Amino acid sequence: MTKLRLNLIFVAVSSFVVTVLVAVGCLAFYLFTGPSHQVQDIEVFDDAQVLDSTLVENELKQVRTFKDTRVIVWTRTGSPQDNINAETLN
Numbered sequence: 005m006t007k008l009r010l011n012l013i014f015v016a017v018s019s020f021v022v023t024v025l026v027a028v029g030c031l032a033f034y035l036f037t038g039p040s041h042q043v044q045d046i047e048v049f050d051d052a053q054v055l056d057s058t059l060v061e062n063e064l065k066q067v068r069t070f071k072d073t074r075v076i077v078w079t080r081t082g083s084p085q086d087n088i089n090a091e092t093l094n
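With our numbering as the guide, the letters of the sequence shown map in order to residues 5 to 94.
Structure (structure tokens):
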């Protein structure tokens, strides 16, 4: 084989090795630094009566977060609003 062909093979193999190492590093980083806290407190206020509260709570218990988190789910009756804060305060 010529020197040029050997150099091209070396570059291809080393590029592959670097790609694999970077991919493994990224995967390890994600696995070891990902969210590890479970949702601590779940409250469901279903004023519109459109949710299965048990199903919502069970699904939210599976969510992982970076910090302890409290989740409140609230449905309400009425028309859609662009400004829910103003509608709630009235």
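Using N, Cα and C, we set each Cβ at its ideal position, and we do this for glycine too. In this text, all values refer to a predicted model and were calculated from it rather than measured experimentally.
DSSP-derived helix/strand/coil call for residue 9: Three-state DSSP puts residue 9 in a helix.
Coarse secondary structure for residue 70, derived from DSSP in three states: In this structure, residue 70 counts as coil in the three-state DSSP scheme.
Residue 92 - DSSP class collapsed to helix/strand/coil: In the structure shown, residue 92 sits in a helix (DSSP, three-state: H, G or I).
Distance, residue 36 Cα to residue 26 Cα: Cα to Cα, the separation comes out at about 15 Å.
Continuous beta strand (DSSP E) assignments of at least 3 residues falling wholly in the region 15-72: Runs found: 45-50.
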